[in-house]
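Following: one structure in structure tokens, then a few remarks.
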């Protein structure tokens, strides 16, 4: 062990001495020779170390920039979410403006606040109260349909129950007026709490899925014609002489941020029966107008593509090469075998291949046909 240790120490000493000698020689060598030696070392012995240093530098830079990139990504995601929310709110405000133009008077616009410590998820806080003309049992509506009913009125705010509240009831009918009933929330399983029920429909009045259900105007709370929901299917009940149907609501409470509170005096006049019909028509016309630009662009593109196909077909019939023909120069020159085939066909039929004297001769009637005519 001692001999091995002494031999190892002597080897280390020799290596250190060699390195010192090489370093001394490197300092006294001319500059061009030193650069050449350094370049060869960088390409051979030191190349793995240089690559490792480069990777370490890249990793350090990536870790340093990670926080900045993550911050920019978070800001973009947040901005995108805000833009989507603003777009949805813009659509709701446009619908409220259309509804306000149709109503003209007898309504109070208000902002709907959710989850303001009311103790009930089926209650909505409205930012307008008695000072603005809000009264008890006033109907709360949105451009898409029925939202709920005012139950508590304060000077500057009010509370309204949503259609999801267990105590909510509304007199309803089908859009064509053939069936009547009472709408209330569906209190079944948790997944069905976002649906409505139409009960008390006469047994003879069957409704098909997809039928629109609106308010009937009976009771003096809601005007006639406010959309409530769409029939999904019929449900089984213990009532023998009536039918019940499951409805998909026209308005989902979480999507409501601005509403209209209807005046009972205006509802009593019965002048709002066709308001929601006009609003739906106006919104449909606006959507069609917004989509007409895209439709026109698609029609123009289709027309140009059809015209291009017709031109290509015509060029193919006439033998004119198209722009995408890679053998355009070859297609312009007639093939010899084609000319020979044309000559054989002319001799076989006795018809000339082109106009001129041959054409005139081809028009002379045959002798046997002349004799038959005589």
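In our numbering, the protein residues as written are 667 to 1040. Backbone N, C-alpha and C define an ideal beta-carbon position, used for all residues, glycine too. Bear in mind the structure is a predicted one, so any value in this text is a computation, not a measurement.
If distances are taken between C-alpha atoms only, which option among the options comes closest to residue i?
| i | options | result |
| --- | --- | --- |
| residue 894 | 775, 909, 884, 913 | 913 |
| residue 872 | 852, 750, 844 | 844 |
| residue 807 | 685, 692, 915 | 915 |
| residue 941 | 860, 714, 812 | 812 |
| residue 814 | 799, 821, 837 | 837 |
| residue 758 | 745, 743, 776, 704 | 776 |
| residue 876 | 884, 713, 842 | 842 |
| residue 621 | 898, 728, 909, 840 | Residue 621 is absent from the structure shown; the chain starts at 667 and stops at 1040. |
| residue 868 | 910, 832, 699 | 910 |
| residue 884 | 700, 732, 847 | 847 |
| residue 821 | 803, 833, 832, 799 | 799 |
| residue 917 | 908, 896, 710 | 896 |
Please name the residue or residues paired with residue i in a DSSP beta bridge.
| i | result |
| --- | --- |
| residue 637 | Examination of residue 637 is not possible in this model, given that the chain is present from 667 through 1040 alone. |
| residue 826 | 790, 816 |
| residue 926 | 775, 807 |
| residue 868 | 908 |
| residue 752 | Beta-bridge pairing links residue 752 to no other residue. |
| residue 863 | 850, 912 |
| residue 880 | 839, 893 |
Contact defined as beta carbons within less than 8 Å: I believe residue i pairs with residue j. What is the distance between those atoms, to the nearest angstrom?
| i | j | result |
| --- | --- | --- |
| residue 835 | residue 819 | No, residue 835 and residue 819 are not in contact; Cβ-Cβ is about 20 Å, not under 8 Å. |
| residue 888 | residue 805 | 5 Å |
| residue 882 | residue 890 | 6 Å |
| residue 809 | residue 765 | 5 Å |
| residue 729 | residue 927 | About 57 Å; that fails the 8 Å criterion. |
| residue 879 | residue 898 | Between residue 898 and residue 879 the Cβ distance is about 11 Å, and since that is not below 8 Å, they are no contact. |
| residue 716 | residue 708 | 6 Å |
Excluding sequence positions up to five away, which residues of its chain have a Cβ less than 6 Å from the Cβ of residue i?
| i | result |
| --- | --- |
| residue 675 | none |
| residue 817 | 825, 827 |
| residue 684 | none |
| residue 688 | none |
Against chain B, with Cβ distances strictly below 8 Å, would residue i count as a contact?
| i | result |
| --- | --- |
| residue 892 | In the structure shown, chain B cannot be found, because there is only a single protein chain. |
Ordered along the chain, which non-local residues of its own chain (more than five positions away) have a Cβ less than 8 Å from that of residue i?
| i | result |
| --- | --- |
| residue 950 | Only weak support exists for where residue 950 lies, its pLDDT of 47 falling under 50; the value from the coordinates is given anyway. Answer for residue 950: no residue qualifies. |
| residue 686 | none |
| residue 703 | 692, 695 |
| residue 710 | none |
Apart from the five residues on each side of it in sequence, which residues of its chain come closer than 7 Å, Cβ to Cβ, to residue i?
| i | result |
| --- | --- |
| residue 830 | 788, 851, 859, 919 |
Inter-stretch contact (C-beta, 8 Å, three-pair minimum) for the region 902 to 912 and the region 788 to 804: no
Given 8 Å, three or more beta-carbon pairs between the region 925 to 933 and the region 764 to 783: yes
Three-pair Cβ contact test at 8 Å for the region 917 to 926 versus the region 752 to 762: yes
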